[in-house]
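Novice:
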Amino acid sequence: MKRFSSDYYLYYLLNISLVIIILFPIYWTIISSLKTPPELISKQQTFYPHTITFEYYERILTYGFKEVDESENVTLEDGLLSAGNIFIAFKNSFIVTIGTIILSLIVSTLGGYAFTFYKFKFKEYFFVFLLLPILIPSISLIIPIYILLKNLNLLDTYTALIFLHSMSMVPLGIFMMRNAFSSIPKSLREVAILEGSNDFKILLTVLMPLTIPGILTVTVFAMYVSWNDFILAFLFISSEDMKMLNVALKHIATGANQWEMKWGDLTAGSVVSFIPLIIFYAFLQQYFVRGITGGAVKE
Amino acid sequence: MRRSDKEQIIGYLLILPAVLLVLIFLVYPFLNSFYMSFHKWPVFGDAKFVGFKNYIKVWKDDQFWNSLYFTFLYTITVTPMLFALAIPIALLCNIKAKGSTLFRSVYFFPVVLSFAVSAYVWMWLYNESNGVFMYGLRYFSIVSDDYNIWLERNSSLLAVNIQITWKFFGISMIILLAGLQSISDDYYEASKLMGASRMQTIWNVTLPLIKTSIVLCLILSIAGSMQVYEPFLIMTQGSPANSTKTLVMHIVDVGLDYYKLGPSAAMGTTLMIILLIITSLQLSILRKDNK
Numbered sequence: 314m315k316r317f318s319s320d321y322y323l324y325y326l327l328n329i330s331l332v333i334i335i336l337f338p339i340y341w342t343i344i345s346s347l348k349t350p351p352e353l354i355s356k357q358q359t360f361y362p363h364t365i366t367f368e369y370y371e372r373i374l375t376y377g378f379k380e381v382d383e384s385e386n387v388t389l390e391d392g393l394l395s396a397g398n399i400f401i402a403f404k405n406s407f408i409v410t411i412g413t414i415i416l417s418l419i420v421s422t423l424g425g426y427a428f429t430f431y432k433f434k435f436k437e438y439f440f441v442f443l444l445l446p447i448l449i450p451s452i453s454l455i456i457p458i459y460i461l462l463k464n465l466n467l468l469d470t471y472t473a474l475i476f477l478h479s480m481s482m483v484p485l486g487i488f489m490m491r492n493a494f495s496s497i498p499k500s501l502r503e504v505a506i507l508e509g510s511n512d513f514k515i516l517l518t519v520l521m522p523l524t525i526p527g528i529l530t531v532t533v534f535a536m537y538v539s540w541n542d543f544i545l546a547f548l549f550i551s552s553e554d555m556k557m558l559n560v561a562l563k564h565i566a567t568g569a570n571q572w573e574m575k576w577g578d579l580t581a582g583s584v585v586s587f588i589p590l591i592i593f594y595a596f597l598q599q600y601f602v603r604g605i606t607g608g609a610v611k612e
Numbered sequence: 002m003r004r005s006d007k008e009q010i011i012g013y014l015l016i017l018p019a020v021l022l023v024l025i026f027l028v029y030p031f032l033n034s035f036y037m038s039f040h041k042w043p044v045f046g047d048a049k050f051v052g053f054k055n056y057i058k059v060w061k062d063d064q065f066w067n068s069l070y071f072t073f074l075y076t077i078t079v080t081p082m083l084f085a086l087a088i089p090i091a092l093l094c095n096i097k098a099k100g101s102t103l104f105r106s107v108y109f110f111p112v113v114l115s116f117a118v119s120a121y122v123w124m125w126l127y128n129e130s131n132g133v134f135m136y137g138l139r140y141f142s143i144v145s146d147d148y149n150i151w152l153e154r155n156s157s158l159l160a161v162n163i164q165i166t167w168k169f170f171g172i173s174m175i176i177l178l179a180g181l182q183s184i185s186d187d188y189y190e191a192s193k194l195m196g197a198s199r200m201q202t203i204w205n206v207t208l209p210l211i212k213t214s215i216v217l218c219l220i221l222s223i224a225g226s227m228q229v230y231e232p233f234l235i236m237t238q239g240s241p242a243n244s245t246k247t248l249v250m251h252i253v254d255v256g257l258d259y260y261k262l263g264p265s266a267a268m269g270t271t272l273m274i275i276l277l278i279i280t281s282l283q284l285s286i287l288r289k290d291n292k
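Chains as they are written, first to last, in this note's numbering: chain A, 314 to 612; chain B, 2 to 292.
As structure tokens, this is what we get:
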């Protein structure tokens, strides 16, 4: 493409218009969360906040969402309308996400290591077995999983979510880590063994530093799966102080009255929810792409 | 103990955590789902074998058919919308120019957002009195002043589809882009030598060469759409009159709200069979491609 040719202008014109369209909803959410209530609900749309306010942020960070009315018939759905706090929800999501990242990394590093360097019977069958989470959609198993968690006394715990999120990470994790380990020359490990270090030490000090891209891909995806999960957190967590961030947004949204959403609070809550993702994405976006295409897209 | 025996045991121990996770949280519920679908589950007491009764109950449940129909309707409408955005943008991203990586990361960004955030962002845009999307539609006199997009099934479906397209086209775009980048420049040079126009080249050279990527995206989109739950749970809650209730939403309602575990498991099994057919197609295509 020649500079300043008609193609050149067309290319940038197209891209810049698309960028504006794609980012507009995000921009709109951010500015909505900063507008004062009269400006937010005025019929005249303003495309930037004329006066900036942080009152929605203050409100969702300090107060609960709603008092529980004991006289109401409390069902699973109504339980979600009860009190909570976005700060607690943020902490809950953070704990589950960190837990999922750690468990996924342990599981997939050990697994990937075994599949690359060890010989054992039925190895190929085990590998296919571990790809089952791709083949069997766990969303169609919601009810049996609910019963399983109930029997294991795991309903309403961080552990349940960490296990379920890590389970869905198994195929990608094992696949990524096996690829990462197989790109290391086998002789490197043999030399280390001859020098007399044990397997575990070799894995930690010699091999793992060479698989950083694989480890980052697993980390980024575990974070993505866990931080963004809505449905499992919605169905399997019921107490107020255990609510995850995405479910807390539903809380803010429905607020006191199901038909009258608190948009200021909700846009502020959404911003709080996607800021960690934006930061993660800014630094590690190539690993998101790697995870989806198996490293096929060039920079 | 022989060295190879020791190696085997260590090998099994290393994969044990992964195997246990899949066994306990996927394979066991999977088998249990089959078992449950052939049993009656009273609130108290033991399960009783009832044969295909649960399946027959599901067969006679109107809402099951409505939900299945709506889920199909969603799938066949959202998939073309995804492609309509993903293919042109993938072609655009394949052009090597200053800033192309930056543009690509922006296009991929909505994928990273959660279902919940994406849904609420768009619900605010669609808000009947203050939403900027509605403001735009009113500004160009496309809709009347008191128009509410959530009052009809088709407009609700379109609203959710736009949201999903915005959120997910990035995945298809990246997969197609990976396909595009694997095409050798020789093809384009040959096509240029033969005097083909740009559109002819795209239609006759580029698209056929990324057929596998297109089929892969198609199947991913279909399999993903059949499992849709969150967007409708958050944005429409099945309204108006349960007409936007998806299959998964119905499965969860029947199982957890009405506590009819048998029929719910029977529906889950049905959905799984549909999805297994779709995903096994996907795997067979990928295997063919790898040969």
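For each residue, glycine too, the CB sits at the ideal point set by N, CA and C.
In this text, all values refer to a predicted model and were calculated from it rather than measured experimentally.
Would a C-beta distance cut-off of 7 angstroms place A/Val531 and A/Ser406 closer than the cut-off?
Specialist: No. Outside cutoff.
Novice: Using a cut-off of 8 angstroms between C-beta atoms, extract the partners of A/Asp512 located in chain B.
Specialist: Simply Ile11.
Novice: Taking A/Ala493 as the query, report the chain C residues whose CB atoms sit under 9 angstroms from its CB, ordered along the chain.
Specialist: The structure shown contains no chain C; its protein chains are A and B.
Novice: Could you tell me the distance, in whole angstroms, from the CA atom of A/Pro351 to the CA atom of A/Val560?
Specialist: The straight-line gap from Cα to Cα measures roughly 27 angstroms.
Novice: B/Leu92 lies in the alpha helix (DSSP H); which residues open and close that run?
Specialist: Note, B/Leu92: alpha helix (DSSP H), Asp63 to Cys94.
Novice: Under 8 angstroms, CB to CB, which of the residues in the segment 446-470 of chain A have a partner in chain B?
Specialist: Listed in sequence order: Pro446, Ile447, Leu448, Ile449, Pro450, Ser451, Ile452, Ser453, Leu454, Ile455, Ile456, Pro457, Ile458, Tyr459, Ile460 and Leu461.
Novice: Kindly list, in the order they appear in chain B, the residues whose Cβ is closer than 8 angstroms to that of A/Tyr426.
Specialist: Result: Leu15.
Novice: What residue from A/Arg603, A/Ile565, A/Ala546 and A/Ser330 has the CA that sits closest to B/Ile175's CA?
Specialist: Checking every option, the nearest Cα to that of B/Ile175 belongs to A/Arg603.
Novice: Does DSSP put A/Phe360 in a helix, in a strand, or in coil?
Specialist: Coil.
Novice: Is the separation between the beta-carbon of B/Thr76 and that of B/Met227 shorter than 7 angstroms?
Specialist: Yes; because the gap between Cβ atoms is below 7 angstroms, this pair is in contact.
Novice: Relative to the C-alpha of B/Pro81, which residue among B/Tyr260, B/Leu221, B/Tyr127 and B/Tyr230 is closest?
Specialist: The option with the nearest alpha carbon to B/Pro81 is B/Leu221.
Novice: Residues of chain A with CB closer than 8 angstroms to the CB of B/Met273, please, in chain order.
Specialist: Here the neighbours are Ile449, Pro450, Ser453 and Leu454.
Novice: Shorter than 7 angstroms from the beta carbon of A/Thr538 to some beta carbon of chain B?
Specialist: Sequence check: residue 538 of chain A is Val here, not Thr. Not closer than 7 angstroms to any Cβ of chain B, the Cβ of A/Val538 fails to qualify, so no.
Novice: Straight-line CA distance for A/Ile550 to A/Tyr459?
Specialist: The alpha-carbon atoms of A/Ile550 and A/Tyr459 are separated by roughly 11 angstroms.
Novice: A/Val483 versus chain B: which residues are under 7 angstroms apart at the beta carbon?
Specialist: By Cβ distance, chain B contributes Ala19, Leu22 and Val23.
Novice: Across which residues does DSSP place B/Phe50 in a beta bridge pair?
Specialist: Beta-bridge pairing links B/Phe50 to B/His40.
Novice: Verify the CB distance criterion: does B/Ile175 have a CB-CB separation below 7 angstroms to chain A?
Specialist: True, the Cβ-Cβ gap to chain A drops below 7 angstroms.
Novice: At the 7 angstroms Cβ level, is A/Ser500 part of the contact set with chain B, yes or no?
Specialist: With 7 angstroms as the cut-off, A/Ser500 does not count as an interface residue toward chain B.
Novice: Can you check whether the CB of B/Ala266 is closer than 7 angstroms to the CB of B/Met124?
Specialist: Contact flag unset, no.
Novice: Return yes when the Cβ of B/Gly256 is within less than 7 angstroms of the Cβ of B/His40, no when it is not.
Specialist: Contact: no.
Novice: By alpha-carbon positions, which one of A/Leu468, A/Tyr426, A/Ile343 and A/Tyr322 ends up nearest to A/Ala546?
Specialist: It is A/Leu468 whose Cα lies nearest to the Cα of A/Ala546.
Novice: State whether the segment 109-116 of chain B contacts the segment 527-543 of chain A, with contact taken as three or more CB pairs (one from each stretch) at a distance under 8 angstroms.
Specialist: The segment 109-116 of chain B, when compared against the segment 527-543 of chain A, does touch it at the 8 angstroms Cβ threshold.
Novice: Cβ closer than 7 angstroms: which chain A residues qualify as neighbours of B/Ser106?
Specialist: Within chain A, the residues near B/Ser106 are Gln598.
Novice: Within 10 Å of its beta-carbon, does B/Asn128 have 16 or more other beta-carbons around it, so buried, or fewer, so exposed?
Specialist: When all chains shown are included, B/Asn128 counts as buried.
Novice: How should B/Pro241 be labelled, buried or exposed, when 16 other C-beta atoms within 10 angstroms of its C-beta is the threshold for buried?
Specialist: Burial call: exposed.
Novice: Which bits of chain A does B/Phe1 rub up against, with CB to CB less than 7 angstroms?
Specialist: Since the first residue of chain B shown is 2 and the last is 292, residue 1 of chain B is not available in this structure.
Novice: Give every residue of the same chain whose Cβ lies closer than 6 angstroms to the Cβ of A/Trp576, excluding the five residues on either side of it in the sequence, and list them in chain order.
Specialist: Here the set comprises nothing.
Novice: Can you list, in chain order, the residues of its chain with a C-beta nearer than 8 angstroms to that of B/Leu217? Leave out the 5 residues immediately preceding and following it.
Specialist: Excluding sequence neighbours, B/Leu217 sits near Ile176, Gln283, Ile286 and Leu287.
Novice: I want to see whether chain A comes within less than 7 angstroms of B/Ser156, judged by CB atoms only; does it?
Specialist: With 7 angstroms as the cut-off, B/Ser156 does not count as an interface residue toward chain A.
Novice: Does the beta carbon of A/Ser586 sit closer than 7 angstroms to a beta carbon anywhere in chain B?
Specialist: So, interface residue.
Novice: Whole angstroms is fine: what's the gap from B/Asp62's alpha carbon to A/Pro526's?
Specialist: If I take the Cα positions, the gap works out to 50 angstroms.
Novice: Taking 7 angstroms as the CB-CB limit, is A/Leu374 close to chain B?
Specialist: A/Leu374 does not count as touching chain B.
Novice: Please report how far the alpha carbon of A/Asp382 lies from the alpha carbon of A/His363, in whole angstroms.
Specialist: Confidence at A/Asp382 is low in this model, with a pLDDT of 46, below 50, so its placement is unreliable and the value that follows should be read with caution. Cα to Cα, the separation comes out at about 38 angstroms.
Novice: Under 7 angstroms, Cβ to Cβ, is there at least one residue of chain B near A/Thr366?
Specialist: Not closer than 7 angstroms to any Cβ of chain B, the Cβ of A/Thr366 fails to qualify, so no.
Novice: Tell me whether A/Ser330 is buried or exposed, calling it buried when 16 or more other Cβ atoms sit within 10 Å of its Cβ.
Specialist: Counting Cβ neighbours within 10 Å, A/Ser330 comes out exposed, since fewer than 16 surround it.
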